[in-house]
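Structure, as structure tokens:
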Amino acid sequence: MKIINKLERKFGRFGIPHLTNYILVCYVIGYLLSMTKTSLISYLYLEPGLILQGQIWRLITWVLVPPGMSNILFVLIMLMFYYSLGTTLERTWGTFRYTLYIFSGLLFTVIGAFLLYFIEGGYVLFAGMFSTYYISMSILLAFAVSYPDMRVLLYFVIPIKMKWMAFVYVAMIGYDIFNYVRMGVWQMAVPIVASLLNFIIFFLSTRDIQRYHPKEVKRRQEFKKAVNPTKVTTITKHKCAVCGRTERDGENLEFRFCSKCNGNYEYCQDHLYTHEHVK
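So this is what it looks like as structure tokens:
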């Protein structure tokens, strides 16, 4: 999208390197809190009503609330999986675009929470309905679009292409939304749409989606190299002041400095005694 290109040119320096590491650290903190002091987690949720009452910290601390999963093994697998996805996306897109993608998802989630709060007149279905689960899902979907044919081992056992995994998750998301609307609790669909709005904006509403594909990125890099080949500067230790030859012009060439020349002039064996001395 042109607007993203403009933002990158103007604010590119504000990208956060290794953002995935910080996200996973937040998840780890959240998991530790949920396992040790369950009641403490309730003070971290994104709840607009409590925020408007003065609990401003909830605007940030809800990021510590990890995606659901209590089994330690599945948590470790999830952390390693999303570390791989996130770091690869950052290398593919660049730090700024990846940072913008993540933070726009967080921002849309906060906006969605407040809109739902005001639409419902301050009524909330249950605490913690806005979480980082679908933020993590947006990373997986973005990776699947960028690397559709990459195979991963699901749970380190089942080989599956990313595009098929994405199709399964999209189908699950669609089913959840349909179910919530059918049962008359459409409010439950708001967190899903809000958290995935960054994916919709970045991919489904842009015409140059292929420019983010790794093959396209590689093709553009190779084209730039072909058009503007890098000049390789060769540094040599010796160079004859007369003929310009260096040690690269022959293995048997010898070079000496002339003590009679005024300055550091070096000559090859053919011109050491025949050159005109510099005074």
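Add 67 to a position in the sequence shown, counting from 1, and you land on the number used in my numbering.
Note that CB positions come from ideal geometry on N, CA and C, so glycine has one too.
Proximal residues to residue i (C-beta, below 7 Å), its chain only, five neighbours per side dropped
i, result
"THR128", "LEU111"
"CYS328", "HIS344 and VAL345"
"ASN265", "TYR168, SER171, GLY172, PHE175 and SER205"
"PRO133", "TYR94, GLY97, TYR98 and THR199"
Pairwise C-alpha distance: residue j and residue i
i, j, result
"VAL212", "GLY251", "32 Å"
"LYS298", "ASN72", "Caution is warranted here: a pLDDT of 46 is assigned to LYS298, below 50, making its placement in the model unreliable, and the coordinate value is therefore given only provisionally. Each residue's alpha carbon lies about 29 Å from the other."
"ILE240", "ALA261", "13 Å"
"GLU318", "HIS344", "26 Å"
"ILE276", "ASP216", "With a pLDDT of 49 at ILE276, under the threshold of 50, the predicted position of this residue should be treated as unreliable, though the coordinate-derived value follows. Using only the alpha carbons, I get a separation of about 16 Å."
"MET204", "MET145", "11 Å"
"ILE202", "ILE267", "12 Å"
"THR341", "THR303", "23 Å"
"GLU187", "ALA238", "28 Å"
"LEU140", "VAL219", "18 Å"
"TYR165", "THR87", "9 Å"
"GLU75", "PHE163", "7 Å"
"LEU100", "ILE225", "32 Å"
"ILE123", "TYR149", "29 Å"
"LEU131", "LEU113", "10 Å"
"LEU143", "LYS230", "23 Å"
"LEU126", "ILE90", "16 Å"
Residue i burial status per 10 Å Cβ neighbour count (16 or more: buried)
i, result
"ALA209", "buried"
"GLU157", "buried"
"TRP160", "buried"
"TYR242", "exposed"
"SER109", "exposed"
"LEU107", "exposed"
"MET102", "exposed"
"VAL92", "exposed"
Nonlocal neighbours in the same chain, by C-beta distance under 6 Å from residue i, ignoring five residues either side
i, result
"SER255", "One point to set straight first is that residue 255 is Met, not Ser, in the sequence displayed. Closer than 6 Å at Cβ, skipping near neighbours: TYR247."
"PRO115", "ALA180, PHE181 and TYR184"
"PHE322", "HIS305, GLU333 and CYS335"
"LEU221", "ILE227"
"PRO258", "MET196 and PHE197"
"PHE324", "GLU333"
Contact set for residue i: own chain, Cβ-Cβ below 8 Å, skip 5 residues either direction
i, result
"PHE234", "none"
"THR300", "Low confidence applies to THR300: its pLDDT is 48, below 50, so where it sits in the model is not reliable, and the reading given next is rough at best. Excluding positions up to five away in sequence, the list is empty."
Contact test: residue i Cβ vs the ligand GTP heavy atom, cutoff 8 Å
i, result
"PHE210", "The model depicted lacks the ligand GTP and carries no ligand whatsoever."
Given 8 Å, three or more beta-carbon pairs between the segment 237-248 and the segment 150-164: Using a Cβ-Cβ distance cut-off of 8 Å, the segment 237-248 and the segment 150-164 are not in contact, since fewer than three pairs of beta carbons, one from each stretch, lie closer than that value.
Unbroken stretches of the beta strand (DSSP E), 3 residues or longer, contained in the segment 170-230: Fully enclosed beta strand (DSSP E) runs of 3 or longer: 218-221 and 225-228.
Contact the segment 330-342 vs the segment 311-321: 3+ CB pairs below 8 Å: By the Cβ criterion, the segment 330-342 is in contact with the segment 311-321, since at least three pairs of Cβ atoms, one from each stretch, lie closer than 8 Å.
Stretch-stretch touch, CB-based, cutoff 8 Å, three pairs: the segment 81-98 with the segment 163-182: The segment 81-98, when compared against the segment 163-182, does touch it at the 8 Å Cβ threshold.
Unbroken stretches of the alpha helix (DSSP H), 4 residues or longer, contained in the segment 83-171: The qualifying runs are 86-103, 105-108, 115-119, 125-128 and 139-160.
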